[in-house]
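Working notes for the structure below.
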Amino acid sequence: MNLAGVVLAGGKSSRYGSQKIFETYQGLPLYKHSLHALLQGGISDTYISTNKELASSFYQKETDLLVEDSFHEGPLYAFAHVARSLSQRYDWLFLLPSDSPFVSEDFIPYMVSQLQETGNDFDCHLPVSGDTWQPLHAMYHTRILSAAEKCLAQGKRSMLPLLHSIRVNTIPFPEDEPSFVNINRPQDWRRI
219 MNLAGVVLAG
229 GKSSRYGSQK
239 IFETYQGLPL
249 YKHSLHALLQ
259 GGISDTYIST
269 NKELASSFYQ
279 KETDLLVEDS
289 FHEGPLYAFA
299 HVARSLSQRY
309 DWLFLLPSDS
319 PFVSEDFIPY
329 MVSQLQETGN
339 DFDCHLPVSG
349 DTWQPLHAMY
359 HTRILSAAEK
369 CLAQGKRSML
379 PLLHSIRVNT
389 IPFPEDEPSF
399 VNINRPQDWR
409 RI
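Sequential numbering of the sequence shown, starting at 219, is according to the numbering used here.
Now the structure itself:
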C-alpha cells in the first residue's frame, strides 16, 4: 500500500479572525497536532498543503510543503492540487485538516486497517461520526483526480460533490469522537 499523509493548511480562517493553524495548543501550533497524528499513526511520508501566502510561516524541515498556486479555493481544490502533485508516487492520500488537535492515537491505524481490509475496492475511506461525514479526515485514491477536476470545473469547492461521484466506504465512529473536533472560532476553545 502506497500511502502519504497530507495536512490541509491553506484556508482563510475567516471565522477565527486570524490564522488559526499557528495558534498554540499544548505547546504546539494546531497544524503540528495533525502532522504528529499522521506520523505517530505510522504514516512516514507526510506533506503540508498550503498556499503561497502561508508557506513561509512553516518550519521547512519538518515535512515537505505542497504550495497551491491559488489562494483559499477550498478543500476540493487543495485535494486536486495534492493528488496532481503526488499521484506519480502514491496511490492513497490520507487527508487531515490543520485545525483538529485531538486526533486520537488509534484513529490513523484504525483507518489504515480499513483500507488494508478492502484494498482498492473503494475510492475513498470516509469516517462518519454519527450521521456526519468527515471528508477532511479521510483517505482518497489518487485515481479520482479527474473526478475532482470535473467537480472543480463545475464550480464546486467542497468535497461533498466529489464523494457523491466516487465509490465510498463509510466507516462508523461515535458522534462524540474527539478526532473530529476542530477549531473554527476563538470561542471553540471553551469546548475543550
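The beta-carbon is built from N, C-alpha and C at its ideal position, and this holds for glycine as well.
Is residue j closer than 8 angstroms to residue i when the C-beta atoms are compared?
i	j	result
I261	V225	no
Q258	E335	no
D263	A222	yes
Please classify residue i as buried or exposed, where buried requires at least 16 other C-beta atoms within 10 Å of its C-beta.
i	result
H299	buried
M219	exposed
Q306	exposed
G245	exposed
Got a sec, what are the start and stop residues for the beta strand (DSSP E) residue i sits in?
i	result
V224	221 to 226
M357	357 to 359
V346	342 to 347
S288	That residue, S288, is in no beta strand (DSSP E); it is neither H nor E in DSSP.
F391	386 to 391
Starting from residue i and walking both ways along the alpha helix (DSSP H), at which residues does that stretch end?
i	result
Y295	293 to 304
K326	Note that residue 326 is Ile in the sequence shown, not Lys. 325 to 336 is the extent of the alpha helix (DSSP H) around I326.
On the premise that residue j lies in contact with residue i, defined as a C-beta separation below 8 angstroms, what is that separation, rounded to the nearest angstrom?
i	j	result
D349	V386	So it is not a contact: roughly 15 angstroms between Cβ atoms.
M377	L294	6 angstroms
Using DSSP's beta-bridge definition, name the partner residues of residue i.
i	result
I266	V225, L283
L314	V225
P247	T242
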